[in-house]
Amino acid sequence: MTTPQVIVEADGGSRGNPGPAGYGAVVKDAATGKVLAERSVGIGVATNNVAEYQGLIAGLEAAAELGASTVDARLDSKLVVEQLSGRWKIKNAALQPLAERARELVRRFERVRFEWIPRAQNAHADRLANEAMDTQAGIETGPAPEPEPARAEQTELWPSADRSSPAGWTGAVGEPTKLLLLRHGQTALSVERRYSGRGDVPLTELGAQQAAAAAKRLSTMDGLLVEGEPVPIVTSPLGRARQTAQAVADALGGAVTEHEGLTETDFGAWEGLTFTEAAQRDPELHRAWLGDASVPPPGGESFDAVQRRVRRMLTELTETYAGRTVVLVSHVTPIKTVLRIALDVGQSLLFRLHLDLASLSIAEFYPDGNASVRLVNDISHLS
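Taking the numbering used here, I'd label the letters of the sequence shown as residues 65 to 447.
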């Protein structure tokens, strides 16, 4: 019995990138949503992207075995979706044969449509992938451990006059991916110093001016073009960040893409409250939250949860844009978390480091795991 129209959902990952890796894939009837096939396989030691490609291949193979004629392939890997859709080049030699295998399978069907979906909508395949990774790593049950943090053996906070690389001082190997970390401009909530998380507040008039000033600053920096391609600009989906990112795109050229990993912390019931108001509303919980990154606000997201998604984002972006410069437009907590990961320090940085509106910070991540923080909270362009 054949099923002409199916949905393939696939995912893959590794414990360490590279590390013990596995993939998951599920094939569903497009009309009813009924699960027709599942795949969950450990693949030894590999990177996240290799596992994601293999998950898609397994899903397409299963769809072909079922006699499907059309496939809607849904993945939470933007890299795989964009590469197989022909919009991004495949520069990683390890991914090229996997992409070719996927294309061979695509040609067996009348139509295959690739769609990026948020991780939350890919829960079935994500669960299968995690089961495969756990089996590969010899873990029977339990949550996935975080990947090893980057080592921040070089912490030059201001760029040297000769723009020299820190690699000679740290022993870092390879060409780093340079992240230009730009906080969005002013909003009405930031004026009143209120918790501003997932609420979609726009920039004020001053905030728009700050965004334009930051964009002008970035347009004067060297090294933002590779082979004639505009610098990638990746932003939080929230409006205040997207407005700021668009100002950068207007100044530099190129398109803006969104990434959920750059979204601000979900402050839950504290959204829109001041520090004092939140402390008065939930005194014991607020005190615990300040001292323990695993504690979330009521109905919100803990800083540990933010760090996990920022790590996943860093892994994806440093592979997608390996050796390039990327502008990331985001919010206080994700930017601080990137710097925290680069410096390999504890949660106290989240409370001791100040980031101004429309400030610029720079961190570099090397392919061997080293990292360097080159600039923090620069607002010279606002003076």
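Every residue, glycine too, gets a C-beta built ideally from N, C-alpha and C.
Only a predicted model underlies this, so the values are computations on that prediction, with no experimental measurement involved.
* **Rounded straight-line distance, which links the Cα of PHE415 to that of ALA126** => Computed Cα separation, rounded: 49 Å.
* Asked: Around the Cβ of VAL298, are there at least 16 other Cβ atoms within 10 angstroms (buried) or fewer (exposed)?
  -> Per the 10 Å Cβ criterion, buried.
* 6 Å Cβ shell around SER104 - same chain, five flanking residues per side excluded -> Excluding sequence neighbours, SER104 sits near GLY88, LEU192, GLU195, ALA196.
* Determine which residues share a DSSP beta bridge with ALA85 and list them. => Beta-bridge pairing links ALA85 to SER78, GLY108.
* When the Cα of ALA277 is compared with those of ALA422, GLY355, ARG171, which residue comes out closest? -> In this structure, ALA422 is the residue among ALA422, GLY355, ARG171 with its C-alpha nearest to the C-alpha of ALA277.
* Limits of the unbroken beta strand (DSSP E) element including ARG177 -> Per DSSP, ARG177 belongs to the beta strand (DSSP E) from 175-180.
* **Continuous beta strand (DSSP E) assignments of at least 3 residues falling wholly in the region 130-159** => List check, beta strand (DSSP E) in window: 134-139.
* To do: Output yes or no for whether 8 Å exceeds the beta carbon distance between LEU246 and THR308.
  => Taking 8 Å as the cut-off, the beta carbon of LEU246 is found closer than this to the beta carbon of THR308.
* Straight-line CA distance for GLY150 to ALA115? -> Cα atoms of GLY150 and ALA115: separation of roughly 20 Å, rounded to the nearest angstrom.
* Asked: Just the Cα atoms here: how many angstroms apart are ARG404 and ASP75?
  -> Using only the alpha carbons, I get a separation of about 28 Å.
* To do: Indicate the three-state DSSP secondary structure (helix, strand or coil) for ARG165 in the structure shown.
  => It is helical.
* SER436: buried (16+ other C-beta within 10 angstroms of its C-beta) or exposed? -> Counting the other CB atoms within 10 Å of its CB gives SER436 a total of 16 or more, which places it among the buried residues.
* Asked: Across which residues does DSSP place ASP93 in a beta bridge pair?
  -> Assignment of beta-bridge partners to ASP93 by DSSP yields VAL70.
* Asked: Could you give the residue range of the beta strand (DSSP E) that holds VAL393?
  -> In this chain, the beta strand (DSSP E) harbouring VAL393 covers 389-394.
* **Nearest-angstrom Cα separation, counted from ALA122 out to GLY86** => About 11 Å.
* Validate contact between the region 341-361 and the region 266-280 using beta carbons, cut 8 Å, 3 pairs -> Cβ pair count under 8 Å is below three, so no.
* To do: Could you spell out where the alpha helix (DSSP H) holding LYS98 opens and where it closes?
  => Careful: LYS98 lies outside any alpha helix (DSSP H) and carries neither H nor E.
* Asked: If you compare alpha carbons, which of GLY80, LEU100, THR134 is closest to ASN113?
  -> Cα-wise, what sits closest to ASN113 is GLY80.
* Meets three-Cβ-pair contact criterion under 8 Å: the region 377-392 and the region 338-347 -> Three or more Cβ pairs closer than 8 Å define a contact, and the region 377-392 falls short of that threshold against the region 338-347.
* Asked: Quick one: is PRO84 buried, meaning 16 or more other Cβ sit within 10 Å of its Cβ, or exposed?
  -> Buried: at least 16 other Cβ atoms inside 10 Å.
* Would you say PRO182 and GLU324 are within 8 Å of each other, going by their C-beta atoms? -> Yes.
* 8 Å contact criterion, which LEU130 and THR67 should meet: CB distance rounded -> With a Cβ gap of about 5 Å, LEU130 and THR67 count as contacting.
* Keeping to the same chain, check which residues put their C-beta closer than 6 Å to that of ALA94; ignore five residues upstream and five downstream. => Once the five neighbours on either side are set aside, the close Cβ partners of ALA94 are GLN69, VAL70, ILE71.
* Apart from the five residues just before and just after VAL99, which ones in its own chain have a Cβ nearer than 7 Å to its Cβ? -> Taking VAL99 as the centre and dropping the five residues before and after it, the same chain places the C-beta of VAL90, LYS92 closer than 7 Å to its C-beta, in chain order.
* Assign ASN441 to one of three DSSP states: helix, strand, or coil. => Strand at ASN441.
* Asked: Just checking my contact of THR327 with LEU302 at CB under 8 Å: how many whole Å lie between their CB atoms?
  -> With a beta-carbon spacing of about 6 Å, THR327 and LEU302 fall inside the 8 Å limit used to define contacts.
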